[in-house]
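Everything on this sheet refers to the single structure shown next.
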Amino acid sequence: MSLFWRIFLLNGVVLVVAVVLLLLGPVTVSTPVLLTEAVVLTVGLAAMLIANAILLRIGLAPLARLTGTMGTIDLLRPGHRLPVTGRAGIAELIRTFNAMLDRLEAERATSAARALSAQEAERHRIAQELHDEIGQTLTAVLLDLKRVADYAPPPVRDDLHQVQETTRNSLDEIRRIARRLRPGVLDELGLTSALRALVAEFSTAGLTVHRHLDRDMPELGKDAELVVYRVAQEALTNAARHAHAHAVDLTLRPVDDGVELCVRDDGIGLGDAGEGAGIRGMRERALLIGADLALGAGPADGTEVCLRIPLRDRNT
1 MSLFWRIFLL NGVVLVVAVV LLLLGPVTVS TPVLLTEAVV LTVGLAAMLI ANAILLRIGL
61 APLARLTGTM GTIDLLRPGH RLPVTGRAGI AELIRTFNAM LDRLEAERAT SAARALSAQE
121 AERHRIAQEL HDEIGQTLTA VLLDLKRVAD YAPPPVRDDL HQVQETTRNS LDEIRRIARR
181 LRPGVLDELG LTSALRALVA EFSTAGLTVH RHLDRDMPEL GKDAELVVYR VAQEALTNAA
241 RHAHAHAVDL TLRPVDDGVE LCVRDDGIGL GDAGEGAGIR GMRERALLIG ADLALGAGPA
301 DGTEVCLRIP LRDRNT
């Protein structure tokens, strides 16, 4: 029975009961209406409305839960489904809503995978051009400056040495940017070495980073290793730029049926600020490999970011 007919028959039953009681009962209506008659009719009407409201509240309760879920659902936190309760139209509506969430999560995962794949390809291209084009050009400039400085008079030589130092710093900065865009050490030496290099980079930037990297790590695959690296990179960046942290603990270890990355800082914490593009990017990357990402307060204030990657059914 559809929702329309259920509500219609429900109201019809209440009205029929009221009419039957009025016809068969001892209650009569005089002209003009007596006070006792008005009181009886008012009480009967109130009882009818209360009974109708209670029955409708019970019947439409699943719709209220559905409305609340629709207002708070987040596709970056998948898996939440409503229990199929109620009858006929309501149960079918909840079932359809759950199926719609399945399609939306699958489509979002597919589109996010394409977008992130294109982003990584573009990062790789830019990093390659920075290294091959600009890096080689600045290297050639350094060699020319050295050659000119060898034949220049002392006053000019000092100025040329200063230009050399500035050019060398710019070359180092370009190489650092290229490594951040596409960590070559990740492809060449693996995840553990890439995380060591990442920690060393942030440690030299004024942040004290303590790393705890387990040596006996299971094989994750290239996609999962890249996600772990990017999440660690984003968490360290947030700790340095936004959390005003002084010390960070980075831990990578095997756990039951998976691998866990945890980054804890001693900063100001998340507070009431909403999730920015960086955190949402971490969630999207975690979804690509079926991982769970949890953010919250650390054991001693600050922020804790934990990424857990399952190893079951992993072929890449």
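With UniProt numbering, the residue at position 172 of the sequence shown is 172, and numbering never jumps. Each residue gets a CB set at the ideal place from its N, CA and C atoms; glycine is no exception.
Between the alpha carbons of residue i and residue j, how many angstroms are there, rounded?
i: residue 123; j: residue 183; result: 10 Å
i: residue 315; j: residue 276; result: Per-residue confidence for residue 315 stands at a pLDDT of 45, beneath the threshold of 50, marking its modelled position as unreliable; the derived number appears in the next sentence. Looking at the two C-alpha atoms, the distance is approximately 32 Å.
i: residue 66; j: residue 54; result: 19 Å
i: residue 236; j: residue 280; result: 15 Å
i: residue 156; j: residue 207; result: 39 Å
i: residue 172; j: residue 186; result: 19 Å
i: residue 191; j: residue 225; result: 6 Å
i: residue 7; j: residue 102; result: 30 Å
i: residue 202; j: residue 263; result: 13 Å
i: residue 230; j: residue 108; result: 20 Å
i: residue 17; j: residue 36; result: 21 Å
i: residue 117; j: residue 258; result: 24 Å
i: residue 141; j: residue 170; result: 12 Å
i: residue 127; j: residue 97; result: 44 Å
i: residue 152; j: residue 176; result: 32 Å
i: residue 168; j: residue 234; result: 27 Å
i: residue 70; j: residue 179; result: 42 Å
i: residue 163; j: residue 143; result: 12 Å
i: residue 61; j: residue 9; result: 18 Å
i: residue 113; j: residue 278; result: 16 Å
i: residue 305; j: residue 284; result: 14 Å
i: residue 132; j: residue 92; result: 59 Å
i: residue 222; j: residue 121; result: 14 Å
i: residue 24; j: residue 40; result: 15 Å
i: residue 56; j: residue 38; result: 27 Å
i: residue 110; j: residue 64; result: 31 Å
For a quick check, are the C-beta atoms of residue i and residue j less than 8 Å apart?
i: residue 148; j: residue 160; result: yes
i: residue 267; j: residue 291; result: no
i: residue 309; j: residue 220; result: yes
i: residue 265; j: residue 245; result: yes
i: residue 232; j: residue 198; result: yes
i: residue 293; j: residue 286; result: yes
i: residue 195; j: residue 145; result: no
i: residue 247; j: residue 210; result: yes
i: residue 73; j: residue 84; result: no
i: residue 227; j: residue 174; result: no
i: residue 252; j: residue 214; result: yes
i: residue 51; j: residue 14; result: yes
i: residue 307; j: residue 218; result: no
i: residue 216; j: residue 254; result: yes
Taking only three categories from DSSP, how would you classify residue i?
i: residue 250; result: strand
i: residue 311; result: coil
i: residue 96; result: helix
i: residue 104; result: helix
i: residue 212; result: strand
i: residue 81; result: coil
i: residue 55; result: helix
i: residue 275; result: coil
i: residue 123; result: helix
i: residue 221; result: coil
i: residue 31; result: coil
i: residue 281; result: helix
i: residue 195; result: helix
i: residue 73; result: coil
i: residue 316; result: For residue 316, the predicted structure reports a pLDDT of 42, less than 50, and the residue's modelled location is therefore unreliable. The matter cannot be settled from this model.
i: residue 242; result: coil
So if DSSP puts residue i in a beta bridge, which residue, or which two residues, is it bridged to?
i: residue 296; result: 304
i: residue 258; result: 255, 310
i: residue 265; result: 248
i: residue 42; result: Its beta-bridge partners do not exist; DSSP assigns none.
i: residue 148; result: For residue 148, which the question treats as bridged, DSSP gives no partner whatsoever.
Taking 8 Å as the CB-CB limit, is residue i close to chain D?
i: residue 83; result: In the structure shown, chain D cannot be found, because there is only a single protein chain.
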